[in-house]
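Take a look at the structure set out below.
Protein chains: 2
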Amino acid sequence: MTSSKQISLSEIKTLSLSILSHVGYGRAHAAAITEMLYACQLDDCQSHGLFRLIMCAQTMLAGKVDGHALPHVAHSDNAVVKVDARGGISLLAFEKALPALVEKSRHHGIAAMAINNCFHFSALWPEVERLSAAGLAAMAMVPSHSWVAPAGGTRGSLGTNPLAFSWPRSGQDPFTFDFATSGFARGEIELYKRAGKPLPAGVAIDRDGNPTTDPQSALDGAMLTFGGYKGSALSVMIELLAGPLIDDMTSLESMEFAGGAAGAPYHGEIILAFDPVQFSNGKVAENDARAERLFADIIDQGARLPSQRRFAARARNLKRGYVEIPEALYNELLSLRDD
Amino acid sequence: MTSSKQISLSEIKTLSLSILSHVGYGRAHAAAITEMLYACQLDDCQSHGLFRLIMCAQTMLAGKVDGHALPHVAHSDNAVVKVDARGGISLLAFEKALPALVEKSRHHGIAAMAINNCFHFSALWPEVERLSAAGLAAMAMVPSHSWVAPAGGTRGSLGTNPLAFSWPRSGQDPFTFDFATSGFARGEIELYKRAGKPLPAGVAIDRDGNPTTDPQSALDGAMLTFGGYKGSALSVMIELLAGPLIDDMTSLESMEFAGGAAGAPYHGEIILAFDPVQFSNGKVAENDARAERLFADIIDQGARLPSQRRFAARARNLKRGYVEIPEALYNELLSLRDD
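Keeping their order, the protein sequence lines are chains A and B.
Just so you know, the numbering used here puts 244 at position 244 of the first sequence, and the rest follows in order with no gaps.
Just so you know, the numbering used here puts 175 at position 175 of the second sequence, and the rest follows in order with no gaps.
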C-alpha cells in the first residue's frame, strides 16, 4: 500500500516554485508552470499535478529548454494569434497570448492561437477552462512524441495527441473534457509502471508489434489509439492541425529532435475559441438552456458528464485546504529541490 | 445473393434529378442534392449514394421540407458565415455560402460556416473536400436524431454526430475522414436490416438498455458511441458546436420536431476552415512535406489512410464509366419516379 502525504494548498505553490527555481526556471516561467500544476493537483489530476515537476527538471537537465525565454506574440489583424515560445515551456506563451485570443474571438466570432517552438508537458483542460471562464467555447490540441501506432500499424507514428474542449455553463462548472487519443495517456502508463501494475488489454503493443500489458514493454513498443480506426484518424487530424498547419513539428520530428533525452516534447499547440454571442446572434441564454437540457438528459439516465469527478475533488480539496500525493513522490520532489 | 445493376455515370445524375423533381424538389435543390449523391455513388459509398433518394422522398412526404426554399447568406464582417436554409435541404445552403467561407478563411486565417434550419441527410466528406480542393483544411460536424446513448447511459440522448476532416495534399487525393461518433452509422444499420444481417457486438442496446445485435432492436433501442467515454464526450462536443453554439437544435430537439415521421432530421451544421498560408506565414510547401512524411510513415508500416478505398473506387468507376447498386434498390428507385 502506498502511504500518502497531505500538502496544504499554499504548499503546492511554494513547493513548485522552489523546485522550478532551483532547477533553473526563471520567475515568470516558474509562476506560469506553478499555476498549471496547482490547478491539476487541486483537482486530484495526479498524472499532471506535482508529479510533472520531475519532467520539468528532466527537461531542464536535457539542456534544450530555455527557462528564461520571453515569448513573442505577433501582431496580426486576422483571427490567428501566433505566439513564439522561443524554446521555453508552452505555458508562459499561452498566458501572454490569451488576451489577444479572447479579444479576437469576440471580434471575429472564431479565432485561433498557434503556439510555436515550445516544450509541452501540461494538461490542456486548464487552458480551455480559461476560455470557457471568459464565456467562450474552446478546443485545444497538441502532438507529442511518436509513441502511438496508427490503426493497422506496428510502430509509433503518432503522438498521444490529446483533444480538450470546454463549454461555458452559466453559474456552474463548465462542460469540459481532455483526453489522449491514445488508449492511455503516456503519464498514466508511467504511473502504472511506478505502481508495478499491468495495463488493461488493448492499449499497447510491444517492440515486435504484439499486444502487451507490461508498462515497460509498452513504453519500449507503441501505444494504440482509442476507438480503432476512428481514434487513429482523429489523432492524425491533431498532428496536422497542431503541426504542419501552424508551421511546427509532427510527433515524429519531435521525437527525433529529443534524440532520446527524457523530458517534455518540443513542438507546437493550437487552441480554437468560439464566441457564442456571435455564432448565435446574441441568443446565448436560450441556447444555453438547450445545452443544459442535453446535460440533464445525460445525467438523468445515470451517465456522468466528463470532469464531474474532477470538479468534486476540487470542491472537496478547497474545503479541506489540502491535497494528497504519494509520500514517495513527495520525497522525490524534495530531493529535486535539495540536490 | 444480391444481384446488382450497372448504372452509367450520366445515368446516376439523370436518375437522381428525375426522381427528385418528381417527388417535389425544385431545380436548384435537385441539382445540389444530385451533385452530392453522384459524388458518394462514384466512390461506392452505398449508404450515402442513390440509396438516400429514398430518404429524400420520405422527407418530402413528411411534409415539412421546402423543396423550393432559397437559402439566405447573411452579410458579416467577421469570420462567421451564417446561412439560413429556410427549411430546405442543407446542400443548397452550403453551395450558396461556400464562396464566402473560402474568402473569409483566406482573409481571417480561420473561419466558420453555420447552416441553420436545414434538413440534413448527406455525407460530410464531399463538403470538406470542396474546401481542401481550395487549399484549406476543413472540419464539419452535424447532430442528427437522439438515437445514441451516452457512455454509461441506457437511452438515446445524442445524435450519430459525424465528424469529417480534410487536409489538402498537393497533386493527389486529400487526407479525408468522415466518421459517425456512434459505433455504426445509422444508414449502415438500415443496410444491415435490409440485408437481414446481425450487427457486430458492442454497437447498440435494445429498448431496455441491454446489448443487442439485431438491427431492428437497435433501431428501436439506442446505438452506442465509438470509443467508450471518449467517443461519447466527442459526440457531446459536436452537439454543442453544431447546435446551441449556432442557435440551432440538439438531436433531442430534432427528434421531437420530427414527431416520429421518417425522413431527414432538421437541425444545423457547422463547418470550420483553416488557411495553411496564414497559419504557417506562407511556409506551405515545407509544411506539406512534413505532413507527407507522416502519411508515408503510416503507409510504410502497412496501415491505411482513411478514404483510400474510396479514392480507389472513384478511380475505377471513372475509368469503367459505371457504378453498381443492388438491383432491388434500383427497382425501388424507379418506383419512386413512376409513382
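Even glycine gets a Cβ: it sits at the ideal position worked out from N, Cα and C.
query: Can you check which of these residues, A:G263, A:T250, A:Y322 and A:Q308, is closest to A296 (chain B) by C-alpha distance?; result: A:T250
query: Within this structure, are the beta carbons of Y266 (chain A) and K64 (chain A) separated by less than 9 Å?; result: yes
query: Determine the direct distance from the alpha carbon of S47 (chain A) to that of G260 (chain B), and round the result to whole angstroms.; result: 47 Å
query: Report all residues from its chain with a CB closer than 6 Å to the CB of S3 (chain B); omit the five preceding and five following residues, and keep chain order.; result: E327
query: Does DSSP put S251 (chain A) in a helix, in a strand, or in coil?; result: helix
query: Any chance you could list the beta strand (DSSP E) runs of at least 3 consecutive residues sitting entirely within the region 251-283 of chain B, in chain order?; result: 266-274
query: Residues in the same chain with beta-carbon distance under 8 Å from R207 (chain A), minus the five sequence neighbours each way, listed in chain order, please.; result: S217, D220 and G221
query: Give the residues from the region 229-252 of chain B that approach chain A closer than 9 Å (Cβ to any Cβ), ordered along the chain.; result: Y229, K230, G231, S232, A233, L234, V236, M237, E239, L240, L241, G243, P244, L245, I246, D247, D248, M249, T250, S251 and L252
query: Please decide whether F177 (chain A) counts as near chain D, where near means a Cβ-Cβ distance under 9 Å.; result: Looking for chain D here will not work: the only protein chains present are A and B.
query: Can you find the residues in the same chain that come closer than 7 Å, C-beta to C-beta, to K13 (chain B), ignoring five residues on each side of it along the sequence?; result: T34 and Y38
query: Please classify W147 (chain B): does DSSP put it in a helix, a strand, or coil?; result: coil
query: Compute the Euclidean distance between the alpha carbons of N78 (chain A) and H108 (chain B), then round it to the nearest angstrom.; result: 4 Å
query: Could you tell me whether the region 96-110 of chain A touches the region 227-236 of chain A, using the rule of 3 or more Cβ pairs below 8 Å?; result: no
query: Please compile the residues from chain A whose C-beta is within a distance smaller than 7 Å of the C-beta of R27 (chain B).; result: Residues of chain A passing the Cβ test: none, with the nearest at roughly 31 Å.
query: For the candidate residues B:R310, B:L92, B:I115 and B:F119, whose alpha-carbon lies nearest to that of Q58 (chain B)?; result: B:F119
query: Let me make sure I understand the geometry here. Which of B:N281, B:D247, B:D275 and B:A303 has the alpha-carbon closest to that of G282 (chain A)?; result: B:D247
query: Over the uninterrupted beta strand (DSSP E) stretch that includes F177 (chain B), give me the two end residues.; result: F175 to F179
query: For K96 (chain B), I'd like the list of residues in its chain whose CB is within less than 7 Å of its CB, leaving aside the five on either flank, ordered along the chain.; result: P71, V73 and V83
query: If you follow the alpha helix (DSSP H) that L241 (chain B) is part of, which residue opens it and which one closes it?; result: G228 to A242
query: So is A79 (chain A) in contact with chain B if we call contact Cβ pairs under 9 Å?; result: yes
query: Mind checking who P211 (chain A) pairs with in its DSSP beta bridge?; result: A:I205
query: Note down the Cα distance separating S166 (chain A) from A28 (chain B), rounded to an integer number of angstroms.; result: 39 Å
query: Note down, in chain order, every chain B residue with its Cβ under 9 Å from the Cβ of N287 (chain A).; result: G243, P244, L245, I246, D247 and D248
query: Is it buried or exposed, D316 (chain A), if we count other Cβ atoms within 10 angstroms and call 16 or more buried?; result: The identity of residue 316 (chain A) in the sequence shown is Arg, whereas the question assumes Asp. Classification for R316 (chain A): exposed.
query: What are the complete beta strand (DSSP E) segments, minimum 3 residues, inside the region 21-88 of chain A?; result: 80-84
query: What are the residues of the region 99-118 of chain B that lie near chain A, defined by any Cβ-Cβ distance shorter than 8 Å?; result: H107, H108, G109, I110, A111, A112 and A114
query: Taking the C-alpha atoms as reference points, what is the distance between R290 (chain A) and V80 (chain B)?; result: 21 Å
query: Since P326 (chain B) is in the alpha helix (DSSP H), which residue starts that stretch and which ends it?; result: Looking at the DSSP string, P326 (chain B) is not in any alpha helix (DSSP H); the run it does join, the beta strand (DSSP E), is Y322 to P326.
query: Quick check on this structure: which residue in B:A111, B:F179, B:G135 and B:L272 has the alpha carbon closest to the alpha carbon of F226 (chain B)?; result: B:F179
query: Select from the region 138-166 of chain A all residues with a C-beta closer than 7 Å to any C-beta belonging to chain B, and list them in chain order.; result: P150, A151, G152, G153, T154, R155, S157 and F165
query: Between S105 (chain A) and the rest of its own chain, which residues show a CB-CB distance below 6 Å, the 5 nearest in sequence each way excluded?; result: A111, L136, A273 and D275
query: Say whether the region 127-141 of chain B touches the region 158-172 of chain B, bearing in mind that this needs 3 or more beta-carbon pairs closer than 8 Å, one atom from each stretch.; result: yes
query: Regarding A31 (chain A) and the ligand FAD, is the C-beta to nearest heavy atom distance less than 8 Å?; result: The ligand FAD is not among the ligands present in this structure, which contains no ligands whatsoever.
query: I need the DSSP call for F184 (chain B), collapsed to helix, strand or coil.; result: coil
query: Would you verify that the beta carbon of T279 (chain A) is, or is not, closer than 9 Å to some beta carbon of chain B?; result: Looking at the sequence itself, residue 279 (chain A) is Phe, so the reference to Thr does not match. With 9 Å as the cut-off, F279 (chain A) counts as an interface residue toward chain B.
query: Please tell me whether A303 (chain B) has its Cβ less than 9 Å away from any Cβ of chain A.; result: yes
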